[in-house]
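Engineer:
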């Protein structure tokens with residue numbers, strides 16, 4: 323309920339903010355679609371990062387750069403560390419689901435407004 327209310331308030335504020343610059347509802351629908359598309363891309367990237375997609379890539383880069391650095395090899399041997407220990411790069415975003423839902427909502431409202439206004 324809270325998310326729906328927040329989405330409706332943000333939709334209202336976007337309309338009020340856009341009405342000062344342009345009086346056309348069709349341009350506002352285009353603007354909403356662009357906002358929704360941006361939110362979908364941001365939410366998707368956040369979901370991919372929090373899912374651990376880049377963990378293997380970062381681990382292989384770390385092992386590679388440690389293996390070509392002689393100084394790093396000496397440090398690892400003196401500390402008796404295994405350079406192949408995996409440290410996971412995973413960041414958790416709590417709001418990625420909400421951003422995706424807002425993006426879908428903006429795109430859906432934009433699509434409905436475009437269909438209504440063009441017909």
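Numbering (our numbering), first residue to last: 323 to 441. Virtual Cβ for every residue (Gly too), placed ideally from N, Cα, C. Note that the structure is predicted; figures quoted are calculated from it, not measured.
Can you tell me where the alpha helix (DSSP H) with residue 379 in it begins and where it stops?
Structural biologist: Its alpha helix (DSSP H) spans residues 377-390.
Engineer: Taking the Cβ atom as the reference point for each residue, do residue 428 and residue 355 lie within a distance shorter than 9 Å?
Structural biologist: In this structure, residue 355 lies closer than 9 Å to residue 428 by Cβ.
Engineer: Could you check whether residue 363 and residue 418 sit closer than 9 Å to each other, using their CB atoms as the reference points?
Structural biologist: Against a cut-off of 9 Å, the Cβ pair of residue 363 and residue 418 comes out as no contact.
Engineer: How big is the Cα-Cα spacing for residue 324 and residue 332?
Structural biologist: Looking at the two C-alpha atoms, the distance is approximately 12 Å.
Engineer: Between residue 421 and residue 330, how many whole angstroms is the CB-CB distance? I'm expecting something under 8 Å.
Structural biologist: With 8 Å as the limit, residue 421 and residue 330 do not qualify as a contact, their Cβ atoms being about 16 Å apart.
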